[in-house]
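Reading through the structure tokens given below for one structure.
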Amino acid sequence: MKKKTSSLLIAGILLGATASPVLANNEAMLNLLQVLRDQGTITAENYRLLANAAKSDSEAIEKVANKVKAIEKNTATVSLKGGHLKFKSHDSAFSAQVGGRIMTDYAFIDDDRNMDGDGSEMRRARVFLKGKIFNDWAYKAQFDFAEDSLTTKDLYIAYKGFKPVTLKLGNHKVANGLEESTSSKYITFMERSTINDLFAVGRKNGLSIATGGSNWTFMTALHMDGVGNSNADQDEDYGYGARLTFAPLSGKTKTLHLGVSAHRQEYESTPLVGGTYGQQRFRARPEIHTINTRPYDTRIDGVDSADTFGLESAVVFGPFSVQAEYYSKGVSTTTDDVDFDGWYLYGSYFLTGESRNYKAKKGSFGRVKPTSIVGKGGHGAWEVALRYSDIDLYDTGAAINTMGEKGDITTIGLNWYATPTIRFMANYVMANVEYPGTTNPDDDIKAFQLRGQIDF
Amino acid sequence: MKKKTSSLLIAGILLGATASPVLANNEAMLNLLQVLRDQGTITAENYRLLANAAKSDSEAIEKVANKVKAIEKNTATVSLKGGHLKFKSHDSAFSAQVGGRIMTDYAFIDDDRNMDGDGSEMRRARVFLKGKIFNDWAYKAQFDFAEDSLTTKDLYIAYKGFKPVTLKLGNHKVANGLEESTSSKYITFMERSTINDLFAVGRKNGLSIATGGSNWTFMTALHMDGVGNSNADQDEDYGYGARLTFAPLSGKTKTLHLGVSAHRQEYESTPLVGGTYGQQRFRARPEIHTINTRPYDTRIDGVDSADTFGLESAVVFGPFSVQAEYYSKGVSTTTDDVDFDGWYLYGSYFLTGESRNYKAKKGSFGRVKPTSIVGKGGHGAWEVALRYSDIDLYDTGAAINTMGEKGDITTIGLNWYATPTIRFMANYVMANVEYPGTTNPDDDIKAFQLRGQIDF
Amino acid sequence: MKKKTSSLLIAGILLGATASPVLANNEAMLNLLQVLRDQGTITAENYRLLANAAKSDSEAIEKVANKVKAIEKNTATVSLKGGHLKFKSHDSAFSAQVGGRIMTDYAFIDDDRNMDGDGSEMRRARVFLKGKIFNDWAYKAQFDFAEDSLTTKDLYIAYKGFKPVTLKLGNHKVANGLEESTSSKYITFMERSTINDLFAVGRKNGLSIATGGSNWTFMTALHMDGVGNSNADQDEDYGYGARLTFAPLSGKTKTLHLGVSAHRQEYESTPLVGGTYGQQRFRARPEIHTINTRPYDTRIDGVDSADTFGLESAVVFGPFSVQAEYYSKGVSTTTDDVDFDGWYLYGSYFLTGESRNYKAKKGSFGRVKPTSIVGKGGHGAWEVALRYSDIDLYDTGAAINTMGEKGDITTIGLNWYATPTIRFMANYVMANVEYPGTTNPDDDIKAFQLRGQIDF
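Chains as they are written, first to last, in the numbering used here: chain A, -3 to 452; chain B, -3 to 452; chain C, -3 to 452.
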């Protein structure tokens, strides 16, 4: 096409090369051939054939480039980093992840009062699908199949279009304290504290609004009951709450976390045939899950509502960390106002130097990444930990009927993080339960329990 | 290798370039170098070195091209289009998809007779795996985990080698009407009509044969009971049926759908200790799923078989659409022949101009694709709809014992399709149930219900 | 940059081309331009412009090469070979697989004594996730959802760092015989033998150590109960066992397999209110799974422990194969020692010439790969098979209370392997059960059963 090969023309072609780099390929050859032809170095006939050959070459390269473009466009990126199966569209507007977790427990228990014995348990066996849709939308569906029993965990639609606000609709964790907000994959002991089990809200089906900055989070939620709890013959219970966290320090190895949460649960119970009007039961296991008994146990009649208030704190200083939470619950009944409370305190130390991984944007702890990985020639991370929990379900009044009234639990923990996703845990638990006025007023439960854990 | 550089030789190379485009690369350079050498423009020594350099360049490009070929061959294509995670082999003979759906409902109900109250419900929580094997085979495994309860949905093997016929073996929808054939992801109201729930066959475990053309479908099936319904101590119930649909119009915005279905259910029940001989119960909720009560309710004793007959029609005219179905059931018992029937009619209108998406090759409606998508700067699609259902379970005879006998239900619906896969729905339902001869012969149930929905 | 174009310089560039093949691209052109400029064939001005154009071309090619490198690095390989969805990281240190199986059964049964009748059943409906983490670690989570019932199958963490030893912790098959060790996807008949169901250990939650060579395997395991069996109010039962297999012949079409297994089960039962002290029940269906009845049935009281001993053998000779297993069980009770045993023998023949696929490294049979595949123009593989099982649960003593005491079962099987993963099976089963001392001392059960099967 180009008849003249002035320097200006070549310069123009050169500039164009940036705009269409692939098509520009072999332009240099074509230009050279033109120059050589114009100068008479090659004949017009040879020019024509060589130019055609050059164009053919150029097309071959273009073909490869187009194939690469097509692969990039048509094929979402697949990542197996750390063993997590993640997919992402070329433009990052869409993503998906398929995963789960396995926790298999073995416990050796000494508890004469309740006849609980040694046993094994699939503590968690979860599968999830989650994803991002058109940038602003997200979803997660997570189910637990442990011990042949189906339990819905996360099941929600989220909208992140009003940054930094996230809206979630469906079943998810709402307005909980620090231990509850931290995934079971990342908690320091095999079980969260009994305090947490007695007081935390957990997952509920409702709407939450969450926001935050680099070192604070705020979440508020309005919810009905969780999945599988619907009282279809009457109005379902509902509740609302909020949580605020602030981290004056949130470095990789130095963290100070402070948090507060409050929650009101409204009970809509109507009298049941043969049952007690609006009875609510608050009970929990002694930081040992393989046993049947939930010895810390109170029943309250005629309950209208319950207010839960929680305080959180945690400090990370290199391999050391300390964490504590306090909860109180005030229960309004038709006859009395009942109050009880509890707290726990624990410390942990990484023998191998790692730090607990605080996520200031989430107000919770995340994955511990061992500096040395088993499978890459390393030895993993080793952590020792000690927790003390204090439970007090005692109160007076006609409405309350407490079985296991007070107690404390001491847990010694040893964690081996073989890889970032594989952890083995050993916990020795010494729990005390007071049953005042019964023939065995004091029960001691001791358990040595082991866990193998992986998430993927 | 080439000693001569005649035009013919170059022409030959040029032709060869098409056959092996990648290897041909830099042939132009090699040819030019030969010409220049032959003409004495460059020395033989320089020719040799330059030619080797050119070949080396050529190999580098070839290497890239081969890598691309290997990627294409070894890696199945992964697509996240619309958020759906799909895999396809290079030759399209194999494919796979992992997905699911979440529907979370919130209902506010006024029904004094039955004490049903406000509540939330995970209406659907499904996960599926499906795929194509060696072109002609397919499978789908879909389970619902909603409300911590496991329900098998699709679970079948399909063969598509006898085109246009598809054979399916296993649990799947057989010979149903229009509303039942339309996925719950795409139905216009939160619930299918009560009529559909009372009369449609649903999913059964059996063998179906389906065929069709561009505007018609035919399906016939022979089935035993659905999954989880096996009467292991006696012969299992079985049935057979067929459905034919025809769409005189099946354009994108103008559709006329007509359909007819017939089904016979054979009951193999034998007397049960303490039970009634061959009792069958037909009952349904009033287009509100969160409530326990299924007020439209009849029990028929000594049932041998039941014949169901259905008529379907739908019209789409741009943003407008109208849909209606009529069903009748004739039940043969040892003493009487009992008959009842019902119908529904509804209209819908897209305020934002979209049309309901009729799939003539499936005889059902598919996904509504909003022209404006939330997350891409848009506002989604908005649809208003109105449905009227008429239920009549009344008949005379010794065999029949009807509780909620007659009734009608009016539903006002508002749908917001934020994206093609995310939809929010609001339905206001006014249901009437007649209980003749009881102290409350007439019950009115009113419900305002909301749904968040996503499929992936 | 290069001012001189001596042959040595060009030779040096040429050598460098191997080290950085992509960057070297168009070096030949640049060198040629230099030669032409130095010889005065082109002007210095044209040289500069042409050289820049050539560099620009070069960068375009480099860009493509880098994109390919990035694709290779960032995207795990996705394979759909045979319909199996597998992912593998670039360095093979990580992998993942998502899959499952569907088996849908239809049975026509004649058994007057037990009233079992015709029926359908989703025999297996499984989904699994498995993967490899940092080379040495692996996991598998497999659940069965058949008939709307959740059953945990594999759920374990494995470590393969001590080659050739594999450690597994969690729920998995431990120390079983040949038929039990062979996946239900690959067994010859629709059901494993009644002998296997009565005696094999199956999956348990514990720790196993497995090793082996090219033609032998050894596995030993210590376990508590399987998932979902925890006796939370007492110590859980536990057991231990081992299996050794050896294949003097293990060619593709000629195999001789020998195996032996031993297992001790310790029962930790304590007296139950209203129950019998330590009663254990051993019972099984007659190689027909759709029926409720498990007629071969013995109850033993006061059981302390049970020892199971198994012998295995199999021969493959081209399309022919023969397989047999013998099991005995000795049960220690507080009053008696009870013994019973059983065996089966079967032969199979591939009409289409394939061989059963013995896996010497696993000590079990694997996938049959038809030489001709339906969907690729082929007809699949056809196999006929015949099995005889002999059951003897008879023993004397105060502790034992046997219902269906003795019996034998003959099964005729026809298998059509349409593809490597899709199989259709027909079994005709004739089972005999002796109930000595009852009014119907001899029961004959006949069943014709069909299965459609796919795994993915």
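The C-beta atom is built at its ideal place from N, Cα and C for all residues, glycine as well.
CA-to-CA, the gap between C/S385 and C/A121 works out to about 27 angstroms.
Only those residues of the stretch 82 to 102 of chain B whose C-beta falls short of 8 angstroms from the nearest C-beta of chain C are listed: F83, K84, S85, A89, F90, S91, A92, V94. Note that the stretch 131 to 146 of chain C does not touch the stretch 187 to 199 of chain C; fewer than 3 beta-carbon pairs, one per stretch, sit closer than 8 angstroms. Residue contact check for C/V299 against chain A: no CB pair falls below 9 angstroms. Each residue's CA atom was taken as its position, placing B/F313 and B/T249 some 6 angstroms apart.
For B/K365, the closest of B/A47, B/T417, B/G400, B/I287 by C-alpha to C-alpha distance is B/T417. Within the same chain, and ignoring the five residues on either side of A/V334 in sequence, the residues whose Cβ sits closer than 7 angstroms to its Cβ are I296, V327, D391, G393, A395, I396. Just measuring C-alpha positions, the residue of C/E175, C/K200, C/A137 sitting nearest A/G96 is C/A137. With a cut-off of 8 angstroms on Cβ pairs, the stretch 52 to 67 of chain C is not in contact with the stretch 85 to 96 of chain C, counting fewer than three such pairs. Per the DSSP secondary-structure output, B/H219 pairs in a beta bridge with B/G202, B/G235.
With its beta carbon less than 9 angstroms from one in chain B, C/T417 belongs to the interface. In terms of CA proximity to B/E232, B/K200 leads the group B/L163, B/K200, B/L76. For B/N192, the uninterrupted alpha helix (DSSP H) segment begins and ends at 190 to 195.
In the displayed model, A/V312 falls within a strand according to three-state DSSP. Pairing B/E379 with B/P282, the inter-Cα distance amounts to about 22 angstroms.
Beta-bridge pairing by DSSP links A/R260 to A/Y236, A/D303.
Under the 9 angstroms criterion on CB atoms, C/F346 is classed as non-interfacial with respect to chain B.
Between B/F316 and B/H259, the gap from beta carbon to beta carbon reaches 9 angstroms or more. Contact residues of the stretch 430 to 452 of chain C toward chain B are G448, I450, F452 (C-beta to C-beta distance below 7 angstroms). Along the stretch 211 to 226 of chain C, going in chain order, the ones with a CB nearer than 7 angstroms to a CB of chain A are M220, D221, V223, G224, S226. Contact annotation for C/T73 against chain B: N70, T71 [CB-CB distance below 7 angstroms, chain order].
The alpha-carbon of A/N48 is positioned some 12 angstroms away from that of B/M25. Here the alpha carbon of B/K159 sits roughly 16 angstroms from the alpha carbon of B/N211. Look at B/R122 here: in three-state DSSP terms it is strand. Residue state for A/K181 is assigned as coil, using DSSP reduced to three classes. Per DSSP, C/K159 is not a residue of any alpha helix (DSSP H), being assigned neither H nor E.
Taken atom to atom, the span from the alpha-carbon of C/S52 to that of B/G371 is near 38 angstroms. In chain order, Y273, G274, T329, T330, T331, A395 place their CB closer than 7 angstroms to the CB of A/G298, counting only its own chain and leaving out the 5 sequence neighbours on each side. When A/V256, A/N428, A/L240 are compared, the shortest CA-CA separation from A/A443 is found for A/N428. Listed along the chain, the chain B residues whose CB falls inside 9 angstroms of the CB of C/F278 amount to none; the nearest CB is some 21 angstroms away. In the three-state reduction of the DSSP assignment, B/A414 falls in the coil class. Using a Cβ-Cβ cut-off of 9 angstroms, C/T178 does not count as an interface residue toward chain A, since no Cβ of chain A sits closer than that to its own. The Cβ neighbour count for A/G198, taken over all protein chains shown within 10 Å, is under 16; the residue is labelled exposed.
Residues of the stretch 139 to 169 of chain A with a C-beta less than 9 angstroms from any C-beta of chain C: F141, A142, E143, D144, S145, L146, listed in chain order.
The CB of C/M25 comes closer than 7 angstroms to the CB of A24, M25 in chain A, given here in chain order. Using a 10 angstroms sphere on the CB of B/D221, the tally of other CB atoms reaches 16 or more, which defines it as buried.
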